[in-house]
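Counting from 135, one number per residue, gives the positions in the sequence shown under this note's numbering.
What follows is one structure encoded as structure tokens, with my remarks underneath.
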Amino acid sequence: MDWPRAERALGSALSADYKQLVETSGDGIFDETIWLLVPDSAFDECDLHAQTMERDEILGTLWEFEDKSVGLLETGVRVLPSVGGAHRNSASGVLRLLCDVPTPTKHRFATAGQTLGITRQ
């Protein structure tokens, strides 16, 4: 993964633990619930760039009618789609998020290919 290129394309830094998780797992879904989006995924549903553009468009219309939360008013902060939903671009910890999700034993992971089948390419 070319992380500097991915971060330039997103206009945002990505946390070290997110990068480690992507390098280890690739794109896919934890526990049939939590999507791991990856820059330049072969699947639109798991492509961090594609999902970020879609969310930017949706949030752009939301901010026309709703006030942004205080945390989103900070310079350089934006919402990125992530495992578990949207989050601010911060070093707060993607792996921590996964650890905080209640599961009976451990997290199951299915690759995007196993879950979604045929790629867009």
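Backbone N, C-alpha and C define an ideal beta-carbon position, used for all residues, glycine too.
Length of the line joining the Cα atoms of W169 and T245: Sequence index remark: in the sequence shown, residue 169 carries index 35 (1-based). Sequence index remark: in the sequence shown, residue 245 carries index 111 (1-based). Cα-Cα distance, rounded: 10 Å.
Run of the alpha helix (DSSP H) containing G247, from where it starts to where it stops: Locating residue 247 in the sequence shown gives position 113, counting from the first residue. 246 to 250 is the extent of the alpha helix (DSSP H) around G247.
Reference R142; option with closest CA among H183, D161, F243: Residue mapping note: residue 142 aligns to position 8 of the sequence shown, counting from 1. For R142, the closest alpha carbon among the candidates H183, D161, F243 is that of H183.
Residue of E200, S175, I163 minimising C-alpha distance to A140: Residue mapping note: residue 140 aligns to position 6 of the sequence shown, counting from 1. Residue S175 is the option with its Cα nearest to A140.
Bounding residues of the beta strand (DSSP E) (the contiguous stretch that carries W137): Reading the sequence shown from its first residue, position 3 is the one you call residue 137. Under the DSSP assignment, W137 falls outside any beta strand (DSSP E), being part of the alpha helix (DSSP H) whose first and last residues are 137 to 144.
Reduced DSSP secondary structure (H/G/I, E/B, other) of V172: Residue mapping note: residue 172 aligns to position 38 of the sequence shown, counting from 1. Reduced to three states, the DSSP call for V172 is strand.
Alpha-carbon spacing of E157 relative to M135, whole angstroms: In the sequence shown, counting from the first residue as 1, residue 157 sits at position 23. In the sequence shown, counting from the first residue as 1, residue 135 sits at position 1. Answer to the nearest angstrom: the Cα atoms are 8 Å apart.
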